[in-house]
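Peer 1: Under this note's numbering, the residues of the sequence shown are numbered 61 to 487, in order. Quick reminder that beta carbons are idealized off the backbone N, C-alpha and C, glycines included. Being a predicted model, the structure only gives us computed values, none of them experimental.
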Amino acid sequence: MIKKLINFIEASPSPFHAVETAKEMLAEAGFTELREAERWTIEKGGRYFVTRNQSSVAAFAVPANMEKTRFMIAAAHTDSPTFKIKDTPELTSEDYVRINAERYGGMIYDSWFDRPLSVAGRVIVRTESGVRSVLVDVDRDLLMIPHIAIHMENPNAGKEYNPASDLVPLFGDGKAKDGFMTIIAEAANVKPEDILAHELFLVNRQKPAVWGKDGEFLSAPRLDDLECVFAATQAIIDAKPEGAVAFMLAADNEEVGSQTKQGAGSTFAADVMSRICEAMGDDFRSALAESMMLSADNAHAVHPNAPALADPTHRPKMNGGVVLKFAANQKYTTDAVSAAVFRQICQRADVPVQTFANRSDKLGGGTLGNILTRSVSLSAVDIGLAQLAMHSSYETAGTRDAAYMVAAMKQFYESALIAQDGEVTIR
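Structure (C-alpha cells):
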C-alpha cells in the first residue's frame, strides 16, 4: 500500500495532476467518466466519476440492489500549501532573474529554503476554435529560494519572513531573462506565444522517503492531504457497496477557504448527488437524512520534541490508526452520534481509532467538512491520519496508517445507515 501511495504523490505535483492520477486509477478499475454539461444515464450496479475545473473529482458506485438512495461519502482535498506563480512571472534585478510568486495557503516558510524546486500546474493555450488546457510538470531542478547567510542576518533569532522579499525563487542569472515561459512551453509541448494563461505552483523536488529503524516513517511533500485523497480513491475502487451509494469527493482549494466553484463550499457535491437521486427516482433531502460523510484531512501527531503542545488526553501517534477529531468550536463536524457510528464501522474493519482535540488554549485549524455540510447537510465526522510537520514542504507520517485508512473507508463505503434523530442502525 505504501508504494502505491508514494506513486500517487509523485504523480500529483499539483491539484490538476492529483485529479488526473485519480481519474486514471478509477478508469482502470472500470469507472465510467461523466461530464457535467451532458445528460447522465446512471444505472444500479454502475460506477462513475466526474470532474470540475480539472482540480476536483467526485466518484460514486451505485449498489445493484439498492432499495433507497443513501450516501456514504468520503471527502478530502487535492491542494496543499505552496506558492502560486503570478501572471507576469519574471523579476529582474542585480543581474538575477527571480520568479514572482505569492503564498497559496499557510505554510512553514523555512521548509521552502535551500532545496531544489520546480513548477507544475496547467497552461491554457489557443487553438483554432478556442482554447484548451494542458497539464505541465517541469521535471527538472529549476528554482531555489536561498537563505541569507547567518553572518549577514541570523534566522535563528526569530526572524519574521516577508514572502514578497524573502521568499522569491531564484531562476537564473541575467541571461535567463524571458526564459521562464519558454521552459513552461517546452514542458507543455506548445509554442510560448500560444500560452494565454497559466495556473502554476512551486513544487518541492525532494523525493518521498521511507525511513526509521524498521521503515516506520514516510516523509514526502503534500501528505496533507494527498494521503487521504489516495485512500478515498483506493477504497472506493476496492469497495462493494450494497445498501448505499459509495461517494468519493476530492475537492480543490481547501487551503484557501474552499469558496470556489470547485471547492467544498461550492455546489459540486450537491449537484452530483442530486442528479444521482433524480436518476434513482428518490428525493434528495430524504437521502441526506440517512447519509453520512467522512471529512478526511490529516491530523497532528504528538511531536517528540514538543509533547506539551498536544492535549493531555488526546495524543495521536503515527502508525496508531485513524484519528477521530473533535472540537467544541465546531471547526470539526464530529458529534457524539457520528463518532459512535464511525467507531463501530472501524471496529468491524479491525482498524484502531485514536482521538484528537486541540489543547484548550489553542484554536487549531479547520477543514472542508463543516464547509461542505452547508450545501449537503448530513451526519459527519472529521478524521485523518497522524502526521508531523503539517504544512511543511516535506511532511512525515506513519507507513502503516495509509492501509488503516483504506480499510476504514472501504468498510464505511460498504455500510448503510437507517437513521432517526438520535438512533442509527448500521447495515
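Looking at the secondary structure, which residues open and close the alpha helix (DSSP H) in which isoleucine 486 lies?
Peer 2: Here residue 486 is taken as the residue at index 426 of the sequence shown, counted from 1. Premise fails: isoleucine 486 lies in the beta strand (DSSP E), 483-486, not in any alpha helix (DSSP H).
Peer 1: Give every residue of the same chain whose Cβ lies closer than 6 Å to the Cβ of tryptophan 271, excluding the five residues on either side of it in the sequence, and list them in chain order.
Peer 2: Start at 1 with the first residue of the sequence shown, and residue 271 comes out as number 211. The answer, listed in chain order, is Phe277.
Peer 1: What first and last residue would you give for the beta strand (DSSP E) that runs through alanine 306?
Peer 2: Along the sequence shown, read from residue 1 onward, the residue named residue 306 stands at position 246. According to the DSSP assignment, alanine 306 belongs to the beta strand (DSSP E) that extends over 305-311.
Peer 1: Less than 8 Å between the beta carbons of threonine 373 and alanine 440, yes or no?
Peer 2: Residue numbering aside, residue 373 sits at position 313 when the sequence shown is read from its first letter. Residue numbering aside, residue 440 sits at position 380 when the sequence shown is read from its first letter. The answer is no: Cβ separation not under 8 Å.
Peer 1: If you reduce the DSSP assignment to three classes, tell me which class proline 281 lands in.
Peer 2: Here residue 281 refers to the residue found at position 221 of the sequence shown. Here proline 281 sits in coil by DSSP.
Peer 1: To the nearest angstrom, report how far apart alanine 311 and alanine 180 are at their CA atoms.
Peer 2: Working through the sequence shown from its first residue, we reach residue 311 at position 251. Working through the sequence shown from its first residue, we reach residue 180 at position 120. Going by the C-alpha atoms only, they are around 18 Å apart.
Peer 1: The beta strand (DSSP E) that contains methionine 352, what's its start and end?
Peer 2: Residue numbering aside, residue 352 sits at position 292 when the sequence shown is read from its first letter. Looking at the DSSP string, the run of the beta strand (DSSP E) that includes methionine 352 is 352-356.
Peer 1: Would you check if the distance between the CB atom of aspartate 442 and the CB atom of asparagine 358 is smaller than 8 Å?
Peer 2: Residue mapping note: residue 442 aligns to position 382 of the sequence shown, counting from 1. Residue mapping note: residue 358 aligns to position 298 of the sequence shown, counting from 1. Contact flag unset, no.
Peer 1: Curious, which full-length beta strand (DSSP E) runs of at least 3 residues does the stretch 72-122 contain?
Peer 2: 107-112 and 116-121
Peer 1: Which residues bound the beta strand (DSSP E) around arginine 192?
Peer 2: Within the sequence shown, the letter at position 132 stands for residue 192. That run of the beta strand (DSSP E) goes 191-197.
Peer 1: Helix, strand or coil for asparagine 160, going by three-state DSSP, please let me know.
Peer 2: Walking along the sequence shown from the start, residue 160 turns up at place 100. If DSSP states are grouped into helix, strand and coil, asparagine 160 belongs with the strands.
Peer 1: Just checking my contact of leucine 354 with phenylalanine 472 at CB under 8 Å: how many whole Å lie between their CB atoms?
Peer 2: As a first step, residue 354 is located in the sequence shown; it is residue number 294 there, counting from the start. As a first step, residue 472 is located in the sequence shown; it is residue number 412 there, counting from the start. Indeed they touch by this definition, with Cβ atoms about 6 Å apart.
Peer 1: For glutamine 480, does the three-state DSSP call read helix, strand or coil?
Peer 2: Locating residue 480 in the sequence shown gives position 420, where the first residue counts as 1. Looking at glutamine 480 - three-state DSSP - the assignment turns out to be strand.
Peer 1: With distance defined between alpha-carbon atoms, name the residue in Val289, Pro229, Leu283 and Cys288 nearest to phenylalanine 261.
Peer 2: Along the sequence shown, one-based indexing puts residue 261 at 201. The shortest C-alpha separation from phenylalanine 261 is found at Pro229.
Peer 1: Are the Cβ atoms of threonine 138 and alanine 78 separated by less than 8 Å?
Peer 2: The residue given as residue 138 occupies position 78 in the sequence shown. The residue given as residue 78 occupies position 18 in the sequence shown. In contact: threonine 138 and alanine 78 (Cβ atoms closer than 8 Å).
Peer 1: Tell me the residue span of the beta strand (DSSP E) that contains serine 334.
Peer 2: As a working note, residue 334 is residue 274 in the sequence shown. Per DSSP, serine 334 belongs to no beta strand (DSSP E); it is in the alpha helix (DSSP H), 328-340.
Peer 1: How is phenylalanine 386 classed by DSSP in three states: helix, strand or coil?
Peer 2: Walking along the sequence shown from the start, residue 386 turns up at place 326. In the structure shown, phenylalanine 386 sits in coil (DSSP, three-state: anything other than H, G, I, E or B).
Peer 1: Classify tyrosine 221: buried if its beta carbon has 16 or more other beta carbons within 10 angstroms, exposed otherwise.
Peer 2: Taking the first residue of the sequence shown as 1, we reach residue 221 at position 161. With fewer than 16 other CB atoms across the displayed protein chains lying within 10 angstroms of its CB, tyrosine 221 is exposed.
Peer 1: Between which residues of its own chain and glutamate 315 is the CB-CB distance below 7 Å, once the five residues before and five after are set aside?
Peer 2: Here residue 315 refers to the residue found at position 255 of the sequence shown. Around glutamate 315: Asp139, Ser140, Pro141, Tyr164 and Gly165.
Peer 1: Identify every run of the beta strand (DSSP E) within the stretch 179-248, keeping only runs that are complete inside it and at least 3 residues long; order them along the chain.
Peer 2: 191-197 and 230-233
Peer 1: Would you check if there are 3 or more beta carbon pairs closer than 8 Å linking the stretch 462-479 to the stretch 330-346?
Peer 2: no
Peer 1: Please report the Cβ distance between glycine 381 and valine 411, rounded to the nearest whole angstrom; I am assuming they are in contact, meaning their Cβ atoms lie under 8 Å.
Peer 2: Residue 381 sits at position 321 when you count from the first residue of the sequence shown. Residue 411 sits at position 351 when you count from the first residue of the sequence shown. The Cβ separation is near 6 Å, so the contact holds.
Peer 1: Decide if the stretch 254-268 is in contact with the stretch 168-180; the criterion is three or more beta carbon pairs, one per stretch, under 8 Å apart.
Peer 2: yes
Peer 1: Closest to glutamine 294 by CA distance: which of Phe307, Arg282 and Glu302 is it?
Peer 2: Residue numbering aside, residue 294 sits at position 234 when the sequence shown is read from its first letter. With respect to the C-alpha of glutamine 294, the residue from Phe307, Arg282 and Glu302 having the closest C-alpha is Phe307.
Peer 1: Using the beta-carbon count (16 or more within 10 Å), is threonine 242 buried or exposed?
Peer 2: Your numbering for residue 242 matches position 182 in the sequence shown. Residue burial is scored here from C-beta neighbours: threonine 242 has fewer than 16 other C-beta atoms within 10 angstroms and is therefore classed as exposed.
Peer 1: For valine 436 and methionine 333, which I take to be in contact (beta-carbon distance under 8 Å), what is that distance rounded to the nearest angstrom?
Peer 2: In the sequence shown, counting from the first residue as 1, residue 436 sits at position 376. In the sequence shown, counting from the first residue as 1, residue 333 sits at position 273. Between methionine 333 and valine 436 the Cβ distance is about 6 Å, and since that is below 8 Å, they are a contact.
Peer 1: Mind reading off the beta-carbon distance from alanine 330 to alanine 118? Whole number of angstroms is fine, and I expect it under 8 Å.
Peer 2: In the sequence shown, the residue the question calls residue 330 occupies position 270. In the sequence shown, the residue the question calls residue 118 occupies position 58. Alanine 330 to alanine 118, Cβ: 10 Å. No contact.
Peer 1: Leaving out the 5 sequence neighbours to the left and right, which residues in its chain are closer than 8 Å to aspartate 199 when beta-carbon positions are compared?
Peer 2: Residue 199 sits at position 139 when you count from the first residue of the sequence shown. Counting only Cβ-Cβ distances below 8 Å, and skipping sequence neighbours, we find Ser178 and Ala247.
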